[in-house]
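These notes concern the structure reproduced below.
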Amino acid sequence: MSVKIRLTAGVVAVVSALSVAAAGPASAWPMPFTPEQQRFINQARNAGFPGDDDAIMQAGLQACQMAFSGQSRPDVVGALAGQYGADAGPTGALAKAAHGILCTSAPN
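Rendered as structure tokens:
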């Protein structure tokens, strides 16, 4: 390998490492939940859905995505209950709360 190619490869490696190191801390900061998102989390948690705030929010966003993609409410509930190890009752409440708060224009 010529010196020029090795030098270029070294520069690319250093620049790549620096860009990842610079981006790391910025992506590590959490974004606070909006009041609507917190209301959704509280409703889902009060219904008995398991997990921390992030897991509940993720499940709610998945419920919205599934509803927008045309899946029926029972299919959404079944898929999320299986994925999160939750009972159908709390998962149904989560899907209903997600539809009423997070994705109000999603089809039922």
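Mapped onto mature numbering (1 follows the signal peptide of the UniProt record, and there is no 0), the consecutive letters of the sequence shown carry residue numbers -28 to -1, 1 to 80. All C-beta atoms, glycine included, are put in the ideal place defined by N, C-alpha and C.
Host alpha helix (DSSP H) of residue i (start-end)
i: Q37; result: 25 to 40
i: T63; result: 60 to 69
i: L52; result: 45 to 56
i: I13; result: 7 to 18
Beta-carbon contacts of residue i that lie in its chain and below 8 Å, excluding the five residues immediately before and after
i: A60; result: V49, G50, A53
i: Y56; result: F21, P22, G23, A27, A31, T63
Pick from the options that is closest to residue i, judged by C-alpha positions
i: Q9; options: P22, G20, A31; result: A31
i: H71; options: S44, G23, F5; result: S44
i: C75; options: D47, Y56, A39, A65; result: A39
i: G64; options: N18, T6, D25, D26; result: N18
i: N80; options: P62, Q55, C36, M29; result: C36
Own chain residues within Cβ distance below 6 Å of residue i, not counting five before or after
i: Q15; result: A69
i: G(-5); result: Confidence at G(-5) is low in this model, with a pLDDT of 47, below 50, so its placement is unreliable and the value that follows should be read with caution. Once the five neighbours on either side are set aside, G(-5) has no close Cβ partner at all.
i: G23; result: none
Residues near residue i by beta carbon distance below 7 Å, same chain, minus five either side
i: R11; result: I73
i: A(-7); result: Low confidence applies here, because A(-7) scores a pLDDT of 46, under 50, leaving its location unreliable and the question unanswered by this model.
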